[in-house]
Structures are given as C-alpha cells and as structure tokens.
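Right, one structure below, let's go through it.
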Amino acid sequence: MVKMRKNVLILALVIVGVMILMILGSGGSVNGESGGGSVVGKVSNTFGSSLGRDIDGDGDNDSAVILSNIAGDGNDYGNSIAIDGSGRIYVTGSSRNVNGNDDAYVIRLNKDGSIDSSFGSGGKVILKDIA
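Using this note's numbering, read the sequence shown as starting at 16 and increasing by one per residue.
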C-alpha cells in the first residue's frame, strides 16, 4: 500500500515493458498496443488512507513512480499520454498553482518511467496561469 496526502499522480507502472498509469479515477485517455498500454487521468486521496496499485491482478501492489504537485500546490490532472518511437513517454495535463489558476504541463519520462531531465526544465515544460 502507498500512503499519500492528496492530489497524487501515478505516472509510471512497469509490468511487461512499460505501462503508464496516471489514475485510478475519472476522465482521461487510453493509449496502447498489444501487450501493453497507458492510461491517464487524476487521483485524489486523503492522507492516512491507502491507494491500491494492483494492476495485473496478482494481489501485489505493482511498482509505480508517484509524482505530486507537478506545477503548483493543488490538484494535478493528466489529460493525455503518448509514447514516441524511442519509448519516451509524454504526459500532458494541468495543475492548480498557488495563485488559484491552472498551469499546463508536459512531462517527458524515459522508458523505465524515470523523469527525463534533459527535456525542458528538469523533465517538464510548464505554461503558467493558463486559466
């Protein structure tokens, strides 16, 4: 079990090859091919509760990279996900900032789910105060 505060994004889940999971909640998109796939959305969780991550149905929590507060202090939302020909993973979404506005972001991950720090600033590009 993973203990979280709130507004947590699950970005990478490695089972066979790479599968990206960015939610166990509402909305988002699905992208994939035979033997793998990706899901994007949002997670909100209360501190002290647990979030199960059993994706393959074997009863164990599957490993995942968990990120929160991507661009600000509020809710993080994943909107879309894509994997390029080199296996790098692009995740787009929005995050509520400290001013109460939304920031748009693009994050690039390596095939293993780690953040690709050579992309943008520390692996992400953020467009401030878009809404």
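A virtual CB, placed ideally from N, CA and C, is assigned to each residue, including glycine.
Give every residue of the same chain whose Cβ lies closer than 8 Å to the Cβ of residue i, excluding the five residues on either side of it in the sequence, and list them in chain order.
| i | result |
| --- | --- |
| D131 | R103, R123, L124, N125 and G138 |
Can you tell me the Cα-Cα spacing of residue i and residue j, whole angstroms?
| i | j | result |
| --- | --- | --- |
| V140 | G128 | 17 Å |
| R111 | A97 | 23 Å |
| L142 | Y120 | 6 Å |
| G135 | Y105 | 12 Å |
| N94 | S133 | 22 Å |
Around the Cβ of residue i, are there at least 16 other Cβ atoms within 10 angstroms (buried) or fewer (exposed)?
| i | result |
| --- | --- |
| D99 | exposed |
From the DSSP output, in three-state form, read off residue i for me.
| i | result |
| --- | --- |
| S136 | strand |
| R123 | strand |
| D117 | strand |
| G102 | coil |
Please return the same chain residues whose Cβ sits closer than 7 Å to the Cβ of residue i, not counting the five positions on each side in sequence.
| i | result |
| --- | --- |
| I145 | D117, D118 and A119 |
| N114 | D144 |
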